[in-house]
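Below is one structure, written out as structure tokens; the observations come after it.
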Amino acid sequence: DADISIEVNEIKRSVASSTTRRTAIRFSDLKQRRYWFPLMIGIGLLILQQLTGTNGVLFYSSTIFKTAGISSSNVATVGLGAVQVIATAVSTWLVDKTGRRLLLIVSSTGMTVSLLVIAVSFFLKDFVSDDSSPFYSILGIVSVVGVVCMIISFSLGMGPIPWIIMSEILPINIKGLAGSVATLANWFFAWVITMTANLLLTWNSGGTFSLYMIMGVFTAIFVTIWVPETKGRTLFFFFFFFFCVVRRSQFLYLQFCNIHQILSRCKCVIFFPLA
172 DADISIEVNE
182 IKRSVASSTT
192 RRTAIRFSDL
202 KQRRYWFPLM
212 IGIGLLILQQ
222 LTGTNGVLFY
232 SSTIFKTAGI
242 SSSNVATVGL
252 GAVQVIATAV
262 STWLVDKTGR
272 RLLLIVSSTG
282 MTVSLLVIAV
292 SFFLKDFVSD
302 DSSPFYSILG
312 IVSVVGVVCM
322 IISFSLGMGP
332 IPWIIMSEIL
342 PINIKGLAGS
352 VATLANWFFA
362 WVITMTANLL
372 LTWNSGGTFS
382 LYMIMGVFTA
392 IFVTIWVPET
402 KGRTLFFFFF
412 FFFCVVRRSQ
422 FLYLQFCNIH
432 QILSRCKCVI
442 FFPLA
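Residue numbers (my numbering): 172 to 446.
Following this line, the structure appears as structure tokens:
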């Protein structure tokens with residue numbers, strides 16, 4: 172079993188320290204330079220989670236399936252929800268085995284490829300005039316498979332993991348306020364996607380999924396460049412990690428990694444995005 176006593180004691184000390192000071196955190200405090208990077212990662216992931224259009228796809232999946240030529244669209248929608256539940260359950264099992272960052276990269280890449288397949292299939296269907304054509308039916312099946320693969324990819328990483336990472340990288344003293352801001356941003360963009368999805372799908376289905384695919388590419392790049400691995404990391408690790416990022420000191424970071432590796436007796440993944 173993993174020894175979590177170090178992390179527990181660290182959290183207790185941080186909570187006791189913040190309780191003793193009883194300092195109210197204001198929005199102006201979030202502007203401090205040392206908080207920029209963790210806020211960018213936490214809020215950025217939750218915004219990109221919505222901009223890939225998953226909620227729009229889920230809410231209007233019945234319409235999408237009808238457009239794809241699926242007669243039992245309501246049954247397909249129920250099946251899509253079941254697939255999402257199963258994939259999310261698998262994610263909870265994988266997250267502590269493979270790490271958060273790897274799952275996010277695989278998830279965002281899988282979503283991008285799936286959205287590309289859906290967009291291409293809908294664009295090609297516009298050029299097939301005969302609904303009874305076998306090619307038309309094949310494109311419908313391909314688009315449905317793409318939607319299912321997109322939801323699976325989302326549920327494996329971009330769905331649950333941004334919430335986990337946000338809780339792991341935010342300092343305790345700003346966690347409540349910063350978490351509220353991040354949640355507000357997430358729900359705001361969820362509302363935007365939900366309100367615009369039907370309009371965009373009516374305009375052009377292929378174009379809609381192309382827009383979501385572009386955001387998927389941006390998400391994959393964002394995760395690959397900026398998001399660190401949080402598996403097995405302590406709050407103290409990220410305090411010093413973000414200090415080194417702000418100072419742009421790779422030397423300090425590498426020295427800290429060596430010390431942290433010895434103290435925690437675990438492997439230290441070298442990751443420094445602002446070298």
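We treat Cβ as the ideally placed atom computed from N, Cα and C, and that holds for glycine.
Please return the same chain residues whose Cβ sits closer than 8 Å to the Cβ of Ile283, not counting the five positions on each side in sequence.
Note that residue 283 is Thr in the sequence shown here, rather than Ile. Only Met384, Gly387, Val388, Thr390 and Ala391 meet the Cβ criterion.
On a Cα-Cα basis, can you pick out the residue from Val261, Trp334, Phe380 and Ala368 that is closest to Gly215?
Its Cα nearest to that of Gly215, the residue Trp334 stands out among Val261, Trp334, Phe380 and Ala368.
Does the region 369-381 come into contact with the region 247-257, if we say contact requires no fewer than three beta-carbon pairs (one atom in each stretch) closer than 8 Å?
Here the region 369-381 does not lie against the region 247-257, with fewer than 3 beta-carbon pairs under 8 Å apart.
Spatial neighbours of Thr280 within its chain, please: CB distance less than 6 Å, with the 5 preceding and 5 following residues excluded, ordered by chain position.
Around Thr280, the same chain offers Ala391 as residues with beta carbons nearer than 6 Å, after the five sequence neighbours per side are excluded.
Hey, out of Val291, Asp297, Leu295 and Pro331, whose CA is closest to Gly317's CA?
Looking at the Cα atoms, Val291 is the closest of the given residues.
For Glu339, which option in Leu201, Arg204, Gly213 and Gln203 has the closest C-alpha, if you only look at C-alpha atoms?
If we check each option's Cα against that of Glu339, Gly213 comes out closest.
Would you report the Cα separation of Leu327 and Val261, rounded to the nearest angstrom?
Approximately 7 Å, taken between the alpha carbons.
Hey, would you say Gly330 sits closer than 9 Å to Thr259, going by beta carbons?
A distance below 9 Å separates the beta carbons of Gly330 and Thr259.
Spatial neighbours of Thr365 within its chain, please: C-beta separation below 7 Å, excluding the five flanking residues on both sides.
Closer than 7 Å at Cβ, skipping near neighbours: Asn226, Gly227 and Phe230.
Does the distance from the C-beta atom of Cys285 to that of Ser324 stay below 9 Å?
Here the sequence assigns Ser to residue 285, which means Cys is not the residue at that position. Taking a C-beta distance under 9 Å as the contact criterion, Ser285 and Ser324 qualify as a contact pair.
Looking at C-alpha atoms only, which residue of Phe393, Val288 and Ser308 is the closest neighbour of Val319?
Considering only Phe393, Val288 and Ser308, the residue with the shortest C-alpha distance to Val319 is Val288.
In whole angstroms, what separates the C-alpha of Pro444 from that of Thr395?
The pLDDT assigned to Pro444 is 40, lower than 50, so where the model puts this residue is not dependable, and the model offers no usable value.
Do Ala353 and Gly224 come within 9 Å of each other at the CB atom, strictly closer than that value?
The beta carbons of Gly224 and Ala353 sit no closer together than 9 Å.
Report the start-end ranges of each alpha helix (DSSP H) in the region 301-331 that is 4 residues or longer and not cut off at the edges.
Runs found: 305-324.
First through last residue of the alpha helix (DSSP H) which encompasses Tyr383
Ser376 to Trp397 is the span of the alpha helix (DSSP H), which, as asked, contains Tyr383.
Output yes or no for whether 9 Å exceeds the beta carbon distance between Ser376 and Ile235.
Yes, they are a contact pair.
Mind checking whether Tyr206 and Pro342 have CB atoms under 9 Å apart?
Yes, Cβ-Cβ distance for Tyr206 and Pro342 is below 9 Å.
Taking the C-alpha atoms as reference points, what is the distance between Ser420 and Trp397?
Confidence at Ser420 is low in this model, with a pLDDT of 47, below 50, so the placement of that residue should be treated as unreliable; the coordinate-derived value is given next. For Ser420 and Trp397, the distance between alpha carbons rounds to 16 Å.
So which of Asn344, Val246, Ile336 and Tyr307 has the shortest CA-CA distance to Leu275?
Ranked by how close their Cα comes to the Cα of Leu275, the residues Asn344, Val246, Ile336 and Tyr307 have Ile336 in first place.
Can you give me the start and stop residues for the alpha helix (DSSP H) that Ser154 sits inside?
Any property of residue 154 remains undetermined from this structure, which presents the chain solely from 172 to 446.
Who are the near neighbours of Gly459 in its chain, counting only those whose CB is closer than 6 Å to its CB and skipping five residues on each side?
Given that the chain is displayed from residue 172 to residue 446, the structure contains no residue 459 and the question cannot be resolved.
Since Tyr231 is in the alpha helix (DSSP H), which residue starts that stretch and which ends it?
Per DSSP, Tyr231 belongs to no alpha helix (DSSP H) and is neither H nor E.
Assign Leu219 to one of two classes, buried (16 or more other C-beta atoms within 10 Å of its C-beta) or exposed (fewer than that).
Of the other Cβ atoms in all chains shown, 16 or more fall within 10 Å of the Cβ of Leu219; this residue is therefore buried.
Let me make sure I understand the geometry here. Which of Val313, Pro209 and Phe359 has the alpha-carbon closest to that of Leu222?
Among Val313, Pro209 and Phe359, the Cα nearest to that of Leu222 is on Phe359.
Looking at the secondary structure, which residues open and close the alpha helix (DSSP H) in which Gln221 lies?
Segment Arg204 to Leu222, the alpha helix (DSSP H) holding Gln221.
By how many angstroms is the C-alpha of Lys296 removed from the C-alpha of Val246?
Their Cα atoms are separated by approximately 23 Å.
Excluding the 5 residues flanking Leu201 on each side, which residues of the same chain have their C-beta closer than 8 Å to its C-beta?
In chain order, Leu210, Ile345, Leu348, Ala349 and Val352 place their CB closer than 8 Å to the CB of Leu201, counting only its own chain and leaving out the 5 sequence neighbours on each side.
Please report the straight-line C-alpha distance between Phe393 and Val299, rounded to a whole angstrom.
One C-alpha to the other measures close to 37 Å.
How about Leu265 and Asn357: do their beta carbons lie closer than 9 Å?
Cβ atoms of Leu265 and Asn357: not closer than 9 Å.
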